[in-house]
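Numbering (the numbering used here), first residue to last: 1328 to 1498.
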Amino acid sequence: MVSRFALHPAWRSALAVPLLALLMALAGCDPQRIAELEEGSSTEADVRSRFGEPERIWDEPGGARTFEYNRQPAGHQNYMITIGADGRMSALRQVLAPHQFEQIVPGMDQQEVRRRLGKPMKQMTFERLGETAWDWRWNDGGNQPMIFTVTFDRQGRVLRSGSAFEQRDGR
């Protein structure tokens, strides 16, 4: 018996090609965009044409600006792209990595943490403890999904931070 929902082979091929192209485009967007940019020669317009509007723009000394491109909550990266006073890209960094996490120290304020790591995946407040926790998703070197958590006191200062394996339910 032939299913009434079966597609003719020609239709299957016609649908498979665009679907495959869409899946490949979604899976490889950021690496492709990054490959198309070059520090020192790509312009702000080049960055915006590949990455779109930034989540936030941070002013830097000397007239430079850093564009925050957030991939949370679904992704495992956050990018900070610095545009120099000359309008050219001077740095492109993926900031959710152990060397960045090591710079988050007790006493640092929330604004500085946000500036270094980008917008978190989620924020939770624990009123009884007087603490707020921010979480970011990231991958360790072996593609193990991880969560980096920074816990703040009532004054918005870092109390502690650390990483844990991401559970299957996303926590």
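Backbone N, C-alpha and C fix where the C-beta goes; we use that ideal spot for every residue, glycine too.
From which residue to which residue does the alpha helix (DSSP H) around residue i run?
i: residue 1499; result: Residue 1499 lies beyond the residue range present for the chain, which begins at 1328 and ends at 1498; the question has no answer from this structure.
i: residue 1357; result: 1356-1362
i: residue 1444; result: 1437-1444
i: residue 1425; result: 1425-1428
Could you check which residue in the options has the C-alpha nearest to that of residue i?
i: residue 1474; options: 1377, 1360 and 1423; result: 1423
i: residue 1430; options: 1487, 1363 and 1459; result: 1487
i: residue 1408; options: 1425, 1387, 1400 and 1426; result: 1387
i: residue 1458; options: 1481, 1472 and 1471; result: 1481
i: residue 1470; options: 1357, 1403, 1398 and 1399; result: 1403
i: residue 1397; options: 1391, 1421, 1410 and 1495; result: 1421
i: residue 1451; options: 1483, 1468 and 1389; result: 1483
When the distance is taken between beta carbons, is residue j closer than 7 Å to residue i?
i: residue 1437; j: residue 1378; result: no
i: residue 1433; j: residue 1485; result: yes
i: residue 1449; j: residue 1462; result: yes
For residue i, report the span of its beta strand (DSSP E) as first-last.
i: residue 1458; result: 1458-1466
i: residue 1395; result: 1392-1397
i: residue 1412; result: Premise fails: residue 1412 is in no beta strand (DSSP E) and is neither H nor E.
With DSSP as the reference, please indicate the residues paired to residue i in a beta bridge.
i: residue 1489; result: 1476
i: residue 1386; result: 1392
Are three or more beta carbon pairs between the stretch 1373-1389 and the stretch 1442-1455 nearer than 8 Å? yes
Is the stretch 1409-1427 touching the stretch 1364-1371, taking contact as three or more C-beta pairs under 8 Å? yes
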